[in-house]
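Asks: Just passing along the structure, written as structure tokens.
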Amino acid sequence: MRPIPAEPPPFFHRGPSPLARVAFFGFLSIVLLFVDARFRYLEDVRQAAGVVLFPLQRLVHMPAEAIASLAAYFASKRDLARENERLKAELIELSPVAQGYAQARDENARLKTLLELKSRYAEGSAVVQVLYSGRDPFAQKLFVSRGSESGLVPGSAVIDERGVVGQVTRVHPTMSEVTLVTDTDHAIPVKVERSGARSVLYGSGTGRAPELRFTSPTADIRVGDRLVTSGLDGTYPPGLAVAQVTSVERDTGQVFARIECAPLGGVDRSEALLVLAPPAALPPRPEEPADAEAARKGGRAKARRGG
Amino acid sequence: MRLASRVPSFAPARPEEILKPARPWFVVLTLALAFLANTLPASGIVLALKPDFVALTLLYWCIQAPRYVGVGVAWGVGLVMDVVDATLFGQHALAYVVLAYGAEFFRRRVLRFPLWQQAVQVALLLAACAALVLAVRMIGGAPLPRWTYAVPPIVGALLWPALTVLLQWPQRPARSSAL
Chain A
-5 MRPIPAEPPP FFHRGPSPLA RVAFFGFLSI VLLFVDARFR YLEDVRQAAG
45 VVLFPLQRLV HMPAEAIASL AAYFASKRDL ARENERLKAE LIELSPVAQG
95 YAQARDENAR LKTLLELKSR YAEGSAVVQV LYSGRDPFAQ KLFVSRGSES
145 GLVPGSAVID ERGVVGQVTR VHPTMSEVTL VTDTDHAIPV KVERSGARSV
195 LYGSGTGRAP ELRFTSPTAD IRVGDRLVTS GLDGTYPPGL AVAQVTSVER
245 DTGQVFARIE CAPLGGVDRS EALLVLAPPA ALPPRPEEPA DAEAARKGGR
295 AKARRGG
Chain B
-19 MRLASRVPSF APARPEEILK PARPWFVVLT LALAFLANTL PASGIVLALK
31 PDFVALTLLY WCIQAPRYVG VGVAWGVGLV MDVVDATLFG QHALAYVVLA
81 YGAEFFRRRV LRFPLWQQAV QVALLLAACA ALVLAVRMIG GAPLPRWTYA
131 VPPIVGALLW PALTVLLQWP QRPARSSAL
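Chain order of the listed sequences is A and B.
Quick note: the first sequence uses this note's numbering, first residue -5, plus one each step.
Quick note: the second sequence uses this note's numbering, first residue -19, plus one each step.
Right, dumping it as structure tokens:
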């Protein structure tokens, strides 16, 4: 008698079992996650995939954009009139600033030539449209309509008419990712416009107010203060409006004050943004003298031995 | 025979009704449309409510067309989603792989239930995926998100009946005059 084969007949074969597949692909995903999070080796792969994907994405977005532009075409007369009114009012409000600006610029140029200073930031900036916002609830990102083909580089500051919105963090050929000032991984050196007190503004994630962390309770910061970029990081040009202080809590039991702010730029509203060219590179950090390093190490070792 | 009787009615199929096999191009088209829905610009309350349409569509095809869409396809789609959403490479891929496996597990019995009971099971699957993504991100050092993180899976489950009717419509046989 022939033994009954343990294997099912070949026409029932449907590849490896689902559990085996899940184990394989799950393991692959975890390896990818680890490699991407730790080493960032996969930027080239991402770029390549983006080159193929984004034109397709633009293509499927076209009908939606067409509908939007059609809706804008039929925007009501009253809305347009109201907007016109508002813009006129703004223009009048800003005209003294603009008139003062020409004079200030001339004066500045004269002073600069006197001091033989180079311009702090390079010429050239690009207007971009917001394509869509990232769905990731753990990050605050926007995708905008221009990329490396238009000369955008990672690190450029992104602003709108009211203030800083964020920073370009990844550039694809025809689009770029902007990390917003509200993102948890985003920090921006600021100073208080009124008092000049310096601090760093940290994003706190979706729906939470950005905070000034590690600020001494005695720092001269009040509710309503405007924060502007200090320019110390060499990424953001100095003097751009960033946020307004909304609450200051000085708890005597805490080492640092708890200071919450509201971003001034339209981080979740603006549709058109301006990407600034990165400022001229800061001079390199001076090298520490070798003997000083050795002395410090020696001192530390001694201190440890002593303790 | 009148024309009206040839077109299937726009209502959920009865459990005993045998659907025609899905056409591969229709599967691809619906997944592409789901991508479009996922990347439409949204902000504020809409963004907080927006479910993952790709996960929903993928789940539907894993249940209805397991010969075309399974764990492997889910993984590939997840990688594409990672590029489009600029998340960590493998985050969506891992979630969708688990989703596809869950669908494999549920497939034979989920179709016997009425649509709203299916929706409850779908909610559980989507919530499991969201929890997995949360775990991955927390290990990666992300802070705990707000409670609104739990909303999209529920919205997704509420959309499940509508999505089922929409996606199974082209597969429904024309009503014969015998019925």
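We put the CB at the ideal spot given by N, CA and C, even for glycine.
It should be emphasised that the depicted structure is a prediction, and the values quoted were computed from it without experimental measurement.
What's the C-alpha gap between B:Ala50 and A:Thr163?
Replies: Reading off the sequence shown, one finds Gly at residue 50 of chain B, where the question assumed Ala. Distance between the alpha carbons of B:Gly50 and A:Thr163: 34 Å.
Asks: Return the first residue and the last residue of the beta strand (DSSP E) that B:Arg(-6) is part of.
Replies: From DSSP, B:Arg(-6) is part of no beta strand (DSSP E); its letter is neither H nor E.
Asks: Does the beta-carbon of A:Met56 have 16 or more other beta-carbons within 10 angstroms, so that it is buried, or is it exposed?
Replies: Counting Cβ neighbours within 10 Å, A:Met56 comes out exposed, since fewer than 16 surround it.
Asks: According to the Cβ coordinates, are A:Val121 and A:Ser170 closer than 8 Å?
Replies: Taking 8 Å as the Cβ cut-off, A:Val121 and A:Ser170 do not qualify as a contacting pair.
Asks: B:Ile43: buried (16+ other C-beta within 10 angstroms of its C-beta) or exposed?
Replies: Classification for B:Ile43: buried.
Asks: Would you mind telling me which residues of chain A sit closer than 8 Å to B:Glu84, beta carbon to beta carbon, in chain order?
Replies: Near B:Glu84 (Cβ distances below 8 Å), the residues of chain A are Pro12.
Asks: So A:Leu146 contacts chain B; which residues on that side make the cut at Cβ distance below 9 Å?
Replies: Under the 9 Å cutoff, chain B gives no residues; its nearest Cβ is about 15 Å from A:Leu146.
Asks: So with Cβ pairs under 8 Å, would you call A:Pro183 a contact of chain B?
Replies: Chain B, which has no Cβ nearer than 8 Å to the Cβ of A:Pro183, makes this no.
Asks: Which one or two residues does DSSP pair with A:Ala256 in a beta bridge?
Replies: DSSP lists A:Gln238 as partners of A:Ala256.
Asks: Could you compute how far the alpha carbon of B:Phe85 sits from the alpha carbon of B:Pro1?
Replies: One C-alpha to the other measures close to 20 Å.
Asks: Just mark A:Asn78 as buried or exposed, buried being the case when its beta carbon has 16 or more other beta carbons within 10 Å.
Replies: Classification for A:Asn78: exposed.
Asks: Looking at C-alpha atoms only, which residue of A:Ala69, A:Ala237, A:Glu87 and A:Pro278 is the closest neighbour of A:Ile182?
Replies: Checked all of A:Ala69, A:Ala237, A:Glu87 and A:Pro278; the closest Cα to A:Ile182 is A:Ala237.
Asks: To which residues of the same chain is B:Val160 closer than 6 Å at the C-beta, ignoring the five residues directly before and after it?
Replies: With chain B covering only -19 through 159, there is no way to say anything about residue 160 of chain B.
Asks: In three-state terms, what does DSSP make of A:Ile215?
Replies: Coil.
Asks: Count the other C-beta atoms from every protein chain shown that fall within 10 angstroms of the C-beta of A:Asp245, then say buried if there are 16 or more, exposed otherwise.
Replies: Answer is exposed; the Cβ neighbour count stays below 16.
Asks: With burial defined as no fewer than 16 other Cβ atoms inside 10 Å of the residue's Cβ, what is the status of B:Asn18: buried or exposed?
Replies: Flag for B:Asn18 reads buried.
Asks: Give a yes or no on whether the minimum CB-CB distance between A:Asp227 and chain C is below 8 Å.
Replies: Protein chains in the displayed structure are A and B, and chain C is not among them.
Asks: Can you tell me whether B:Arg152 is buried or exposed, with buried defined as 16 or more other CB within 10 angstroms of its CB?
Replies: Buried is the call here.
Asks: Any chance you could list the alpha helix (DSSP H) runs of at least 4 consecutive residues sitting entirely within the stretch 47 to 122 of chain B, in chain order?
Replies: List check, alpha helix (DSSP H) in window: 51 to 65, 71 to 90 and 95 to 119.
Asks: Can you check whether the C-beta of B:Phe69 is within less than 8 Å of a C-beta belonging to chain A?
Replies: Cβ-Cβ to chain A under 8 Å: yes for B:Phe69.
Asks: Taking the C-alpha atoms as reference points, what is the distance between B:Leu74 and A:His180?
Replies: One C-alpha to the other measures close to 26 Å.
Asks: Can you tell which of A:Ala235, A:Ser224, A:Arg252 and A:Thr200 has its C-alpha closest to the C-alpha of A:Arg207?
Replies: Per the Cα distances, A:Arg252.
Asks: Measure from the C-beta of A:Ile86 to each C-beta in chain B and report whether the shortest distance is under 8 Å.
Replies: Answer no: the Cβ-Cβ gap between A:Ile86 and chain B never drops below 8 Å.
Asks: Helix, strand or coil for A:Thr168? Go by DSSP, reduced to three states.
Replies: In this structure, A:Thr168 counts as coil in the three-state DSSP scheme.
Asks: Evaluate the contact criterion for the stretch 51 to 60 of chain B versus the stretch 78 to 92 of chain B: three or more CB pairs, one atom per stretch, below 8 Å.
Replies: Judged by Cβ distances under 8 Å, the stretch 51 to 60 of chain B makes contact with the stretch 78 to 92 of chain B, as three or more pairs qualify.
Asks: Say whether chain A places a C-beta atom closer than 8 Å to the C-beta of B:Trp5.
Replies: No, no contact with chain A.
Asks: Would you call B:Met118 buried or exposed, if buried means 16 or more other Cβ atoms sit within 10 Å of its Cβ?
Replies: B:Met118 is exposed by the Cβ-count criterion.
Asks: Have a look at B:Pro142 and B:Gln101 and give me their C-alpha separation to the nearest angstrom.
Replies: Looking at the sequence shown, residue 142 of chain B is not Pro but Ala. For B:Ala142 and B:Gln101, the distance between alpha carbons rounds to 15 Å.
Asks: For B:Gly52, go through chain A and note every residue whose CB falls closer than 8 Å to its CB, in chain order.
Replies: Chain A residues near B:Gly52: Arg15 and Phe19.
Asks: Am I right that A:Ala235 and A:Val217 are in contact with their C-beta atoms under 8 Å? What's the rounded C-beta distance?
Replies: No, A:Ala235 and A:Val217 are not in contact; Cβ-Cβ is about 17 Å, not under 8 Å.
Asks: Given a threshold of 16 other Cβ atoms within 10 Å of its Cβ, counted over all protein chains shown, does A:Tyr95 qualify as buried or as exposed?
Replies: Looking at its Cβ environment, which holds fewer than 16 other Cβ atoms inside 10 Å, A:Tyr95 is exposed.
Asks: So A:Ser305 and A:Gln161 are supposed to be a Cβ contact under 8 Å. How far apart are they, rounded?
Replies: The structure shown does not extend to residue 305 of chain A, since chain A is modelled only from -5 to 301, so the question has no answer here.
Asks: Given this structure, state the Cα-to-Cα distance separating A:Ala60 from B:Ala45, to the nearest angstrom.
Replies: C-alpha separation (whole angstroms): 34 Å.
Asks: Find the residues of chain B that neighbour A:Phe208, judging by a C-beta separation of less than 7 Å, and give them in chain order.
Replies: Simply none; closest approach about 17 Å.
Asks: Does A:Gly44 have its Cβ less than 8 Å from a Cβ in chain B?
Replies: With 8 Å as the cut-off, A:Gly44 counts as an interface residue toward chain B.
Asks: Among A:Pro280, A:Leu267 and A:Leu22, which has the Cα closest to the Cα of A:Glu155?
Replies: For A:Glu155, the nearest C-alpha among the options comes from A:Leu267.
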